[in-house]
Amino acid sequence: MINLTIDRGNTTTKLALWEGSEPTSTSTLFNADNATLLRAISELTFDRAAICSVADPVEGLGEMLEQRGIKLLTLSATTPIPIGNMYATPHTLGVDRIAAAVGAHTLYPGRELLIADIGTCVTYDRIDTDGNFVGGNIAPGIGMRLRAMHTFTKALPQVASTGDTPQWGISTDTAMRSGAFYGVVAEVSYYHSLLDSEGLTLLTGGWSEKVAKALDFDARLCPLLVNRGLNRILQYNETNPH
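Going from the sequence shown to the working numbering is simple: count from 1 and add 39.
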């Protein structure tokens with residue numbers, strides 16, 4: 040049984056094929072429109088599919104898969120999941136955060152976990168040792184911080200998020216870029232410090248590799264965390280029909 044998982048974010052869409060608990064192939068689409076995504080999926084061979092999207096719905100996906108006899112699981116607040124959810128307003132919890140939490144607990148059951156998803160926004164989510172989503176925080180991403188500094192001041196320029204990030208800026212551009220970048224690094228370090236001695240921090244999202252290199256502790260890079268969670272949710276709903 041081959042599963043397809045689709046993690047549709049604000050900027051990137053990650054596709055992964057799974058046999059059991061391991062990915063057999065992955066691909067990433069950048070700023071893909073609806074037609075491009077449908078075309079990419081149509082070229083794949085799989086038996087079941089799951090999607091979580093924080094962007095616009097993928098119009099026509101369900102119909103296309105139905106024609107192939109494939110059911111699509113669209114992750115929502117009401118989808119049964121194999122972890123507890125202690126969020127006070129579960130209907131407002133981002134589906135990407137739900138999937139990432141399931142993926143994290145699948146990788147490291149019985150461990151206290153911090154998930155830092157560093158993308159357009161940065162989310163910091165905690166999973167307890169019993170596999171419960173305890174809660175989390177949302178902060179502006181690095182690009183968003185730079186745009187905010189330019190938008191809400193008169194003197195600061197618009198600075199690209201890519202470029203040198205010295206620990207101490209030596210120009211306005213590097214001061215802004217480093218301030219935004221190391222602000223995120225400091226946040227990750229702070230939330231990591233709240234974990235117990237056996238706790239792990241997992242990094243995902245487009246900025247995760249660069250942030251990991253700047254940390255003074257060992258954080259685990261998990262680029263397919265959301266996809267892994269979607270795969271586990273597919274398996275769970277297949278064996279525990281509701």
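Each residue gets a CB set at the ideal place from its N, CA and C atoms; glycine is no exception. None of these values were measured; they are calculated from a predicted model.
The Cβ atoms of R216 and V198 lie closer than 7 Å to each other. Beta-bridge analysis with DSSP links C91 to D46. For A139 and I120, the gap between their C-alpha atoms comes out near 12 Å. For S228, the enclosing alpha helix (DSSP H) covers residues 211-232. Between V141 and the set A88, T65, L241, D95, the nearest pair of CA atoms involves L241. A distance below 7 Å separates the beta carbons of Y230 and Y163. E248 is the residue among L264, T84, E102, E248 whose C-alpha sits nearest the C-alpha of V224.
Assigned with DSSP and collapsed to three states, N279 falls in coil, not helix or strand. Comparing C-alpha distances from L112 to each of L273, N279, P62 shows the shortest one belongs to L273. Beta-bridge partners of C160 (DSSP): P179. Inclusion of P96 and A116 in the CB contact set at 7 Å is not warranted, their separation being larger than that value. Rounded to the nearest angstrom, the Cβ distance from R150 to G268 is 16 Å, too far for a contact under 8 Å.
Between the alpha carbons of L43 and G244 lies a gap of roughly 19 Å.
A straight line joining the alpha-carbon of F256 with that of N171 spans about 24 Å. Between N266 and D235, the alpha-carbon positions lie close to 27 Å from each other. Assignment of S66 by DSSP, reduced to helix, strand and coil, places it in the strand class.
For L100, the enclosing alpha helix (DSSP H) starts and ends at 100-106.
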